[in-house]
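Here is the structure we will look at.
There are 2 protein chains.
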Amino acid sequence: MKSNVIKLKNRPEAKPTNDDFEFAEEQVADLKEGEILLKSIYVSVDPYLRGRMRDQKSYVEPFKLDEPITSSIVAEVIESKNDSFKKGSHVHGMLAWKQYQISTGKDLQTVDGAKAPLSAYLGVLGLTGLTAYFGLEEIGKLKEGETVVVSGAAGAVGSTVGQIAKLKGCNVVGIAGTDEKIDMIKSDFGFDAGINYETTDNIKKALADACPNGIDVYWDNVGGEISDAVFFLINQKARIVNCGAIAVYNDTEIPKGVSPQPFLIKNSALMQGFIVSNYQDRFQEGISQLAQWFGKGKLKHEETIVEGFDNIPQAFIDLFDGKNKGKMVVKVD
Amino acid sequence: MKSNVIKLKNRPEAKPTNDDFEFAEEQVADLKEGEILLKSIYVSVDPYLRGRMRDQKSYVEPFKLDEPITSSIVAEVIESKNDSFKKGSHVHGMLAWKQYQISTGKDLQTVDGAKAPLSAYLGVLGLTGLTAYFGLEEIGKLKEGETVVVSGAAGAVGSTVGQIAKLKGCNVVGIAGTDEKIDMIKSDFGFDAGINYETTDNIKKALADACPNGIDVYWDNVGGEISDAVFFLINQKARIVNCGAIAVYNDTEIPKGVSPQPFLIKNSALMQGFIVSNYQDRFQEGISQLAQWFGKGKLKHEETIVEGFDNIPQAFIDLFDGKNKGKMVVKVD
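Residue numbers (our numbering), protein chains in the order written: chain R, 1069 to 1401; chain L, 1069 to 1401.
In structure tokens, the structure reads:
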């Protein structure tokens, strides 16, 4: 049997384009004892993959040229020679951008489509939800009544962060790039206020108006000029959670901005970066809490589902134009 | 009796000049019950005072125009109507730039010139030492064998930080602006290596050479370009202690630099600002530990003593040209 495969052809210089990816076909080998044959069902595309396309030291190895991209994928077990995985069941894990692939099952988790939609395991019950949960627990350390600002607020992580912050009793202000997204974060996700950075002349003033008591916690998904404006409004002992910097990921030169040091010093404030895998040994705790909120309907889940294996690269590229609302997922036919 | 007084005449626009200060003479009132008359002996001048000369929100109130500057001062009690303070004893606290002044004794601590030189209470046994101690304890969290980089290494705080880091078993690299200072931090304070940023063409390369295992903790006294270079070399879970930003304090525009966000994210690293008074309720712990090291000769103390009350403004200005080695103190005649 044959499988389509998507490989990294070129390391993108700035914004990725379709030319950076190559479609190929490969023969799927016969199953050996202990192996399972997987059919990809949902493929997650995420901004952080852009970082792995660079050839530089980071928290994970860079992707290799002419090899398949990997990301978080939910797949169906369509054949099994491994007693731990039944034919017809579903698994979740870091898998390759292939229609079909063989795995030993190592580092895969079984997921239950009866408990939640399968795509939710790529989002609010997967790394997205865990990212929001641990970033807030370990760095944000929210206190009731505090003001929390979230950039990239309509994205998968951002909308989950906002909802958790509301559950914790905070005043939550979201920043996003269209009026539609601003409406969504307020009406669907319960944010108290929203700022459209594309139509706001003065982001600093808009933030000051939305945060009359200053900013205690800033969840930063974007970096760049939006984040620079936040520094001017942080309160004493503010916490800035550096989750992403999508505004500068495509920069070809070292990005520059307002120096945070004087702001951090005069406010005894902190900025801390993290990656969700830092908390891998506590994932069960996170999933339990998220599933509890999800089951009670207190954690809504927005996703943009693109159809078709061949559209995976375009879906990834579209992330950088903000074309997604919530988690961007590709449903493989 | 009359006292000379130094007031803030203008808010400095960039680097402070003598014109920003005004000398005046005032009448010292008669002592009332519960008061003490103080004669200033040693006056501390510190970079952070520059921040208080701006008219903007910070962790402490800005100085008022046409009123005396205050800083950390050791004074002699020359007359007392307060049983807690004996005539002839010495006190330490935030006092005004006056030759003579009256106090109720509130927030003053008695210091003992027999246990340590009086000027040490403005330095290694005062706020300087406490700054180094709590910044390292609470943010740096040094582990044996880690690499610690200190900017402003020949300054009062920097040299204390380096010595504590050596006591904790770290590899310590200092950055300073003259060869003489580099010699001093190595031979007097036991730093393992030093970088003269004034004579080094490529600070990033010099740091990489001095830190073959990367940088675990960066004690940042300066901000600006030196700190920007550090980001490229930080290790996973690095801690950046933002203690000062003397390189940008005189900037008239908002200082800009390399955006730290991408570096913090990919290394799960943190930057945290602080001010020593955050830990005021633990000062006794800090002073005890510092005094123990000092008494054993493990914590050396470098100071630059300028003579003469009239030279206080110039001593302060000279801080920004790096004319001090260690703690800058003015001895009042």
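C-beta: ideal position from N, C-alpha, C; glycine also.
As assigned by DSSP and simplified to three states, the class of residue i
i	result
Arg1122 of chain L	coil
Ala1359 of chain R	helix
Arg1079 of chain R	coil
Ala1188 of chain R	helix
Gly1194 of chain R	coil
Asp1284 of chain R	strand
Pro1136 of chain R	strand
Ile1302 of chain L	strand
Asn1335 of chain R	helix
Val1229 of chain R	helix
Ser1152 of chain L	coil
Gly1173 of chain R	coil
Phe1342 of chain L	coil
Asn1086 of chain L	helix
Glu1029 of chain R	The structure shown does not extend to residue 1029 of chain R, since chain R spans only 1069 to 1401, so no value can be given for it.
Asn1239 of chain R	strand
Gly1394 of chain L	strand
CA-to-CA distance, residue j to residue i, given in whole angstroms
i	j	result
Gln1357 of chain L	Asp1175 of chain L	22 Å
Ser1157 of chain L	Thr1196 of chain L	22 Å
Leu1204 of chain L	His1369 of chain L	18 Å
Gly1262 of chain R	Arg1079 of chain R	35 Å
Ser1140 of chain R	Ala1337 of chain R	34 Å
Ile1137 of chain L	Val1192 of chain R	55 Å
Pro1323 of chain L	Ile1333 of chain R	14 Å
Thr1085 of chain R	Ile1343 of chain R	26 Å
Phe1331 of chain R	Ser1108 of chain R	47 Å
Asp1378 of chain L	Lys1100 of chain L	29 Å
Lys1132 of chain L	Met1121 of chain L	8 Å
Lys1395 of chain L	Pro1280 of chain L	31 Å
Gly1102 of chain R	Ser1152 of chain R	9 Å
Ser1345 of chain R	Glu1214 of chain R	27 Å
Gln1167 of chain R	Asp1269 of chain L	52 Å
Gln1348 of chain R	Val1285 of chain L	24 Å
Val1216 of chain L	Cys1238 of chain L	7 Å
Ile1355 of chain L	Asp1123 of chain L	33 Å
Glu1353 of chain L	Phe1388 of chain R	51 Å
Ala1274 of chain L	Ser1255 of chain L	20 Å
Tyr1098 of chain R	Leu1186 of chain R	Strictly speaking, residue 1098 of chain R in this sequence is Asp, with Tyr absent from that position. Using only the alpha carbons, I get a separation of about 27 Å.
Val1128 of chain L	Gly1341 of chain L	15 Å
Cβ neighbours of residue i in the same chain (closer than 7 Å, five flanking residues each side left out)
i	result
Val1326 of chain L	Asp1296, Phe1299
Gly1245 of chain L	Asn1264, Tyr1265, Glu1266, Gly1390
Lys1272 of chain L	Ala1297, Phe1300
Lys1249 of chain R	Ala1222, Lys1393
Phe1362 of chain R	Ala1184, Val1192, Leu1193
Contact check, residue i vs residue j, beta carbons under 7 Å
i	j	result
Asn1150 of chain R	Gly1173 of chain R	yes
Gly1223 of chain L	Gly1242 of chain L	no
Val1179 of chain L	His1160 of chain L	yes
Val1111 of chain R	Ala1092 of chain R	no
Ala1200 of chain R	Ile1232 of chain R	yes
Ser1219 of chain L	Asp1277 of chain L	no
Phe1089 of chain L	Lys1077 of chain L	yes
Ile1373 of chain L	Lys1399 of chain L	yes
Ile1314 of chain R	Pro1130 of chain R	no
Asp1134 of chain L	Lys1211 of chain L	no
Gly1226 of chain R	Gln1329 of chain L	no
Lys1234 of chain R	Gly1258 of chain R	yes
Leu1198 of chain R	Val1397 of chain R	no
Asp1401 of chain L	Gly1376 of chain L	yes
Lys1339 of chain R	Met1339 of chain L	First, the residue type needs correcting, since residue 1339 of chain R is Met and not Lys in the sequence shown. Yes. Within cutoff.
Residues near residue i by beta carbon distance below 8 Å, same chain, minus five either side
i	result
Asn1335 of chain L	Ile1302, Asn1303, Gln1304, Lys1305, Ala1306
Gly1194 of chain R	Ser1112, Ser1140, His1160, Ala1188
Gln1382 of chain R	Asn1086, Val1374
Lys1155 of chain R	Val1145, Ile1146, Glu1147, Ser1148
Ala1359 of chain L	Lys1183, Ala1184, Leu1193
Nonlocal neighbours in the same chain, by C-beta distance under 6 Å from residue i, ignoring five residues either side
i	result
Gly1282 of chain R	Leu1301, Asn1303
Val1309 of chain R	Gly1203, Ile1207, Gly1208, Trp1287
Ala1164 of chain L	Pro1136, Thr1138
Gln1169 of chain R	Leu1106
Could you please tell me which residues of the stretch 1282-1302 of chain L, in chain order, have their CB closer than 8 Å to any CB of chain R? Within the stretch 1282-1302 of chain L, the residues whose Cβ lies closer than 8 Å to some Cβ of chain R are Asp1288, Gly1291, Gly1292, Ser1295, listed in chain order.
Using Cβ-Cβ distances below 8 Å, what residues of the stretch 1340-1374 of chain R are close to chain L? Going along the stretch 1340-1374 of chain R in chain order, one finds Gln1340, Gly1341, Phe1342, Ile1343, Asn1346 with a Cβ nearer than 8 Å to chain L.
Contact residues within the stretch 1248-1276 of chain L, judged by C-beta distance below 7 Å to chain R: For the stretch 1248-1276 of chain L, the set of residues with a beta-carbon nearer than 7 Å to any beta-carbon of chain R is empty.
Counting only Cβ-Cβ distances shorter than 7 Å, please list the residues of the stretch 1175-1209 of chain L near chain R, keeping chain order. Per Cβ criterion, the list is empty.
Contact list for the stretch 1130-1144 of chain R against chain L, Cβ threshold 8 Å: Cβ contacts with chain L come from no residue of the stretch 1130-1144 of chain R.
Report the residues of the stretch 1321-1340 of chain L with a CB closer than 8 Å to any CB of chain R, ordered along the chain. Flagged, chain order: Ile1322, Pro1323, Lys1324, Gly1325, Val1326, Ser1327, Pro1328, Gln1329, Pro1330, Phe1331, Leu1332, Ile1333, Lys1334, Asn1335, Ser1336, Ala1337, Leu1338, Met1339, Gln1340.
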